[in-house]
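Working notes, beginning with the structure itself.
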């Protein structure tokens, strides 16, 4: 409660008013090109507003500079000329013309900017088709039924002429007296011949193992199946597609419902509710106090899980003195390590033992404080002399420890 | 099954290390029973300096012999049979090449076996039925059977229970002292 409350002024109203004031107070923006010192002269209360002339001036200057720069290029003035060019991709020597960027120097001479070869010549790639001679035909090439030497020759010619464009090759392919060939037939024969030549010339498959022709041999059956599958997929009618997606959606719904059911079942089991199927209900692991608990996963490594639990409890003890005390007490009980054969009983016993020792340490601490308090109440003056009941404190602690050992 | 709960199965993952630094890591049943009705394969994850550090062993005995010079942690991934519908479980084993005593006897291998239990909590019903009807069969004979350790879980349990009794007695004593102190105050 403060003055505002007493006066009946609402807090929120004033807050809103403050915010409105803040919005009104607009900051003056420094225009580009104005020096910081000059801008500082224009205080917010000053009625003067900066003009934007400075920025415009600068833009003009920049434009002028670029214009002069292009004029003063070392190679002269840029002009375009209609010039003939040679295309190395053509064998017929056809002469065509196109516009080329040129520079005109001070003497008025015009030279093309790029005097090299036709700039698109680098895209002119030729397919390398390996050809065989008579000897190679007899020694290297695997003979295939239905493929004569003449027809194989013809196939290589066509492939070379049509640049491996298989759709066109399959369309145009025709051999007198030969059978009808599908694209798979042609591809299979061609790639087999190429691979034979490659491997045969290298003397074995190892030196050319990295070649795609050797690494991925043509698989006719796989190709046919792939195309059939694609055709089936593309030939579906709209109704079929809808029906399919409906079925898939239903399957997803069933799957999610099943998952939910499973989650609910596990949640109820965690709350100590209904036991699992067949009335198996004793949880296999433990919580920190040594009580049976449901494991976080359905398949669990019990020894590792319980060891981690026990070590975690010990490691979290604060301050470090308590940790030391726990270690000492466990050593006194001759329990220095987690059971080597961590059965359910052994794990439970170890975790419970650790919890019990911790409880005992806490009790002892309480006893020691109470004793000290009681002694202090009886003889408050004794403390001044350095002891509560005549014995130094360290002796007393030793006595407690000895009692622990005797018991 | 001894505890009458969700079909706990007792496995042991173990390692025998030869002093010549030819070592074998293996996973076996604590009582050398057949594991084929639950485990489909075991993947041993070795140190990354080994060629193909993840080695699958699909048949019993689940053993892997290697040659090396250093000690490191091996991960042991236990894959269950498909009907268990549970992902693999991972165990860790520290490869031990040297005896604690430091002796280097080439005739007697350094054996470092670790006992642990894998528990399947609430397995699918058909698996539960199958396990209930399962009669344990002996595992395929291993060359290393002569070195297997006998574990004594009962002895450890009794020792722990004895320690707990001692702690309970002392706790009682301290409680009595506390009560006496309070009544005196």
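Chains as they are written, first to last, in the working numbering: chain A, 41 to 447; chain B, 16 to 200. Idealized CB from N, CA, C, for every residue including glycine.
The ligand COA heavy atom lying under 8 Å from the CB of residue i
{"i": "residue 296 of chain A", "result": "With respect to the ligand COA, the structure shown offers nothing to examine, as it has no ligands at all."}
Below-9 Å beta-carbon distance, residue i vs any chain C residue
{"i": "residue 181 of chain B", "result": "Among the protein chains in the structure shown, which are A and B, there is no chain C."}
Chain B contact for residue i (CB, 9 Å cutoff)
{"i": "residue 291 of chain A", "result": "no"}
{"i": "residue 325 of chain A", "result": "yes"}
{"i": "residue 363 of chain A", "result": "no"}
{"i": "residue 399 of chain A", "result": "yes"}
{"i": "residue 340 of chain A", "result": "yes"}
{"i": "residue 404 of chain A", "result": "yes"}
{"i": "residue 301 of chain A", "result": "no"}
{"i": "residue 390 of chain A", "result": "yes"}
{"i": "residue 200 of chain A", "result": "no"}
{"i": "residue 407 of chain A", "result": "yes"}
{"i": "residue 393 of chain A", "result": "yes"}
CB contact check: residue i to chain A, cutoff 9 Å
{"i": "residue 201 of chain B", "result": "The shown model of chain B, from 16 to 200, leaves out residue 201 of chain B, and the question about it has no answer."}
{"i": "residue 107 of chain B", "result": "yes"}
{"i": "residue 60 of chain B", "result": "no"}
{"i": "residue 102 of chain B", "result": "yes"}
{"i": "residue 87 of chain B", "result": "no"}
{"i": "residue 68 of chain B", "result": "no"}
{"i": "residue 138 of chain B", "result": "yes"}
{"i": "residue 166 of chain B", "result": "yes"}
{"i": "residue 134 of chain B", "result": "yes"}
{"i": "residue 129 of chain B", "result": "yes"}
{"i": "residue 185 of chain B", "result": "yes"}
{"i": "residue 113 of chain B", "result": "no"}
{"i": "residue 148 of chain B", "result": "no"}
{"i": "residue 95 of chain B", "result": "yes"}
{"i": "residue 174 of chain B", "result": "yes"}
{"i": "residue 189 of chain B", "result": "yes"}
As assigned by DSSP and simplified to three states, the class of residue i
{"i": "residue 151 of chain B", "result": "coil"}
{"i": "residue 143 of chain B", "result": "helix"}
{"i": "residue 275 of chain A", "result": "helix"}
{"i": "residue 143 of chain A", "result": "strand"}
{"i": "residue 60 of chain B", "result": "strand"}
{"i": "residue 208 of chain A", "result": "helix"}
{"i": "residue 299 of chain A", "result": "helix"}
{"i": "residue 391 of chain A", "result": "helix"}
{"i": "residue 134 of chain A", "result": "coil"}
{"i": "residue 465 of chain A", "result": "Chain A is shown only over 41 to 447; residue 465 of chain A falls outside these bounds and no answer can be derived."}
{"i": "residue 258 of chain A", "result": "coil"}
{"i": "residue 50 of chain B", "result": "coil"}
{"i": "residue 192 of chain A", "result": "helix"}
Through-space distance from residue j to residue i, alpha-carbon basis
{"i": "residue 347 of chain A", "j": "residue 357 of chain A", "result": "16 Å"}
{"i": "residue 218 of chain A", "j": "residue 243 of chain A", "result": "32 Å"}
{"i": "residue 179 of chain B", "j": "residue 394 of chain A", "result": "9 Å"}
{"i": "residue 171 of chain A", "j": "residue 162 of chain A", "result": "25 Å"}
{"i": "residue 75 of chain B", "j": "residue 40 of chain B", "result": "13 Å"}
{"i": "residue 272 of chain A", "j": "residue 222 of chain A", "result": "19 Å"}
{"i": "residue 79 of chain B", "j": "residue 61 of chain B", "result": "10 Å"}
{"i": "residue 190 of chain A", "j": "residue 200 of chain A", "result": "15 Å"}
{"i": "residue 81 of chain A", "j": "residue 74 of chain A", "result": "11 Å"}
{"i": "residue 54 of chain B", "j": "residue 378 of chain A", "result": "27 Å"}
{"i": "residue 422 of chain A", "j": "residue 324 of chain A", "result": "Any reading at residue 422 of chain A needs caution, since the residue's pLDDT is 44, under 50, leaving its predicted position unreliable; the model's value is listed next. Going by the C-alpha atoms only, they are around 56 Å apart."}
{"i": "residue 431 of chain A", "j": "residue 408 of chain A", "result": "Reliability of the predicted coordinates at residue 431 of chain A is poor, the pLDDT of 44 falling under 50, and the value obtained from them is presented with this limitation in mind. The straight-line gap from Cα to Cα measures roughly 14 Å."}
{"i": "residue 42 of chain B", "j": "residue 261 of chain A", "result": "43 Å"}
{"i": "residue 182 of chain B", "j": "residue 188 of chain B", "result": "10 Å"}
{"i": "residue 320 of chain A", "j": "residue 413 of chain A", "result": "Here residue 320 of chain A scores only 49 on pLDDT, less than 50, and its place in the model should not be relied on; the value that follows carries that caveat. Rounded to whole angstroms, residue 320 of chain A to residue 413 of chain A spans 52 Å at the Cα level."}
{"i": "residue 49 of chain B", "j": "residue 399 of chain A", "result": "44 Å"}
{"i": "residue 202 of chain B", "j": "residue 361 of chain A", "result": "Coverage of chain B is limited to positions 16 through 200, which leaves residue 202 of chain B absent and any answer about it impossible."}
{"i": "residue 103 of chain A", "j": "residue 76 of chain A", "result": "25 Å"}
{"i": "residue 270 of chain A", "j": "residue 264 of chain A", "result": "10 Å"}
{"i": "residue 331 of chain A", "j": "residue 191 of chain B", "result": "26 Å"}
{"i": "residue 440 of chain A", "j": "residue 405 of chain A", "result": "With a pLDDT of only 49 at residue 440 of chain A, under 50, the local geometry of the prediction cannot be trusted, and the value read off the model is given with reservation. Roughly 10 Å separates the two Cα atoms."}
{"i": "residue 251 of chain A", "j": "residue 230 of chain A", "result": "16 Å"}
{"i": "residue 371 of chain A", "j": "residue 110 of chain B", "result": "27 Å"}
Residue from the options with nearest C-alpha to residue i
{"i": "residue 185 of chain B", "options": "A:401, A:415, A:416", "result": "A:401"}
{"i": "residue 386 of chain A", "options": "B:196, B:167, B:183, B:197", "result": "B:167"}
{"i": "residue 328 of chain A", "options": "A:370, A:139, A:392", "result": "A:392"}
{"i": "residue 129 of chain B", "options": "B:112, B:114, B:108", "result": "B:108"}
{"i": "residue 127 of chain A", "options": "A:307, A:332, A:157", "result": "A:157"}
{"i": "residue 196 of chain A", "options": "A:211, A:234, A:79", "result": "A:234"}
Nearest-angstrom Cβ-Cβ length linking residue i and residue j, presumed shorter than 8 Å
{"i": "residue 366 of chain A", "j": "residue 354 of chain A", "result": "6 Å"}
{"i": "residue 134 of chain B", "j": "residue 93 of chain B", "result": "The pair is not a contact, with the Cβ atoms about 12 Å apart (cut-off 8 Å)."}
{"i": "residue 86 of chain B", "j": "residue 65 of chain B", "result": "About 14 Å separates the two Cβ atoms, so there is no contact after all."}
{"i": "residue 138 of chain A", "j": "residue 125 of chain A", "result": "6 Å"}
{"i": "residue 126 of chain B", "j": "residue 162 of chain B", "result": "5 Å"}
{"i": "residue 136 of chain B", "j": "residue 340 of chain A", "result": "7 Å"}
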